[in-house]
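Peer 1:
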Amino acid sequence: MVASTERVLSEKSGRIPSPVRDLHDPQSATRFEEYYMRLLTTEFGDDLNSVRMSKDFSDKSLPMLVRALKQGVNIFDADEKRIAVGGVAE
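Our numbering applies: residue 66 is where the sequence shown begins, and numbers increase by one.
#1: Taking all protein chains shown into account, decide if Asp142 is buried (16 or more other Cβ within 10 angstroms of its Cβ) or exposed.
#2: From Gln136 to Leu113, what does the alpha carbon distance come to, in whole angstroms?
#3: Is the beta carbon of Val131 less than 8 Å from the beta carbon of Tyr101?
#4: Using the rule of at least 16 other Cβ atoms within 10 Å of the residue's Cβ for burial, across every protein chain shown, is Phe122 buried or exposed?
#5: If you follow the alpha helix (DSSP H) that Val131 is in, where does it begin and where does it stop?
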């Protein structure tokens, strides 16, 4: 899991933005989630557009889809986040 975490989070740009790397900052969880969502929507943008364009997608579907996608950030524990952003596990 850790190796795939590193790959997913650094694959697109090759490096993690420095504000995301500081996991001790009170805003780091929010920044990590935003970074994760950007990578997720970039990687799966075509698939997400297909879902959005489906006949049964409604105004109520979008918030549910966003909440479901955001839950993905919870698969990473603090050590995995530190490893992914280039820090050392404590």
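Backbone N, C-alpha and C define an ideal beta-carbon position, used for all residues, glycine too.
Predicted, not measured: the structure shown is a model, and the values here were computed from it.
Peer 2: Considering the structure as presented:
#1: As a position in the sequence shown, residue 142 is number 77, starting the count at 1. Classification for Asp142: exposed.
#2: Your numbering for residue 136 matches position 71 in the sequence shown. Your numbering for residue 113 matches position 48 in the sequence shown. Cα-Cα distance, rounded: 16 Å.
#3: The count along the sequence shown starts at 1 and reaches residue 131 at position 66. The count along the sequence shown starts at 1 and reaches residue 101 at position 36. No, they are not a contact pair.
#4: Walking along the sequence shown from the start, residue 122 turns up at place 57. It counts as exposed.
#5: Counted from its first residue, the sequence shown places residue 131 at position 66. Note, Val131: alpha helix (DSSP H), Ser126 to Gln136.
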